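One structure below.
Numbering (the working numbering), first residue to last: 184 to 407.
In structure tokens:
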């Protein structure tokens, strides 16, 4: 009996097993990388894999992912008139633009804030939350009403608590040190009322708030 068929069969089995191992290992590595950076942003692209932007993404990573010409250092807004020397990817392309504020401006290795604030944006959280997502859609995802601040002041429209809903854990790392926050604003064709404005807590189930149905205008990943 010739050994060639047997050897060929063994080679086929070995090759198949190796391919399966490589696929399994790659999937495991991707899952592990995603878990380490949870919550994170990923670009919504058809049939393509997007780099993960999260708590361990450095400026060097951004240059490797997107090319130096698409990664620019700029003065960026922080809060209440404060600015920082940050990094912006795709600064001239609103759909792909993301802002990074660094813990250490010299090293630029660990982000303190990762922010998207353009509509529409290709960047999404793993549960497909993105700018333009409505209050009513968020309620459905959360499975509960949530608390937010009134509009028309420095911290207007910020989501304050998910009220122990589904998004409470989805938008926070296991350690609790990294979290995704979001800010809502009235749709462009509507205005807020006195009832919904000012430094106060408002439930998303408020009848006037439901009628207004504000949309997400800013999503930030915070890693203080």
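We treat Cβ as the ideally placed atom computed from N, Cα and C, and that holds for glycine.
Note that the coordinates shown come from a computational prediction; the quantities given were computed from them, not determined experimentally.
When the beta-carbon positions are compared, residue 242 and residue 291 come within less than 8 Å of each other.
In this structure residue 328 is not in contact with residue 367, their Cβ atoms being roughly 14 Å apart against a cut-off of 8 Å. Boundaries of the beta strand (DSSP E) harbouring residue 344: 342-344, taken from the DSSP string.
Its Cα nearest to that of residue 382, the residue 330 stands out among 330, 240, 254. Residue 353 and residue 273 have their C-alpha atoms roughly 27 Å apart. Annotation for residue 363: the continuous beta strand (DSSP E) segment containing it runs 362-368. Excluding five sequence positions before and after residue 282, the CB atoms of its chain that fall closer than 7 Å to its own CB belong to 259, 269, 271, 298, given in chain order.
The C-alpha of residue 323 lies about 13 Å from the C-alpha of residue 311. Taking all protein chains shown into account, residue 319 has fewer than 16 neighbouring C-beta atoms within 10 Å of its C-beta and is therefore exposed. For residue 317, DSSP records a beta bridge to 398.
Under DSSP, residue 380 forms a beta bridge with 334. If only uninterrupted alpha helix (DSSP H) runs of at least 4 residues are considered, those enclosed by the segment 216-290 are 242-249. The beta carbon of residue 305 is closer than 6 Å to those of 226, 227, 278, 279 in its chain, skipping five residues each way along the sequence. Only residues of its own chain outside the window of five on either side were considered, and among them 299, 365 have a CB closer than 6 Å to the CB of residue 402, listed in chain order. Relative to the Cα of residue 237, the nearest Cα in the group 294, 317, 316, 358 belongs to 294.
Apart from sequence neighbours up to five positions away, the residues of its chain that approach residue 313 with a beta-carbon distance below 6 Å are 304, 307, ordered along the chain. Scanning 254, 333, 349, 262 for the CA closest to the CA of residue 387 turns up 333. Shown here for residue 267: same chain residues with a beta carbon closer than 8 Å to its own, the five before and five after excluded, namely 258, 259, 261, 284, 285, 288 in chain order.
In the displayed model, residue 300 falls within coil according to three-state DSSP, outside both helix and strand.
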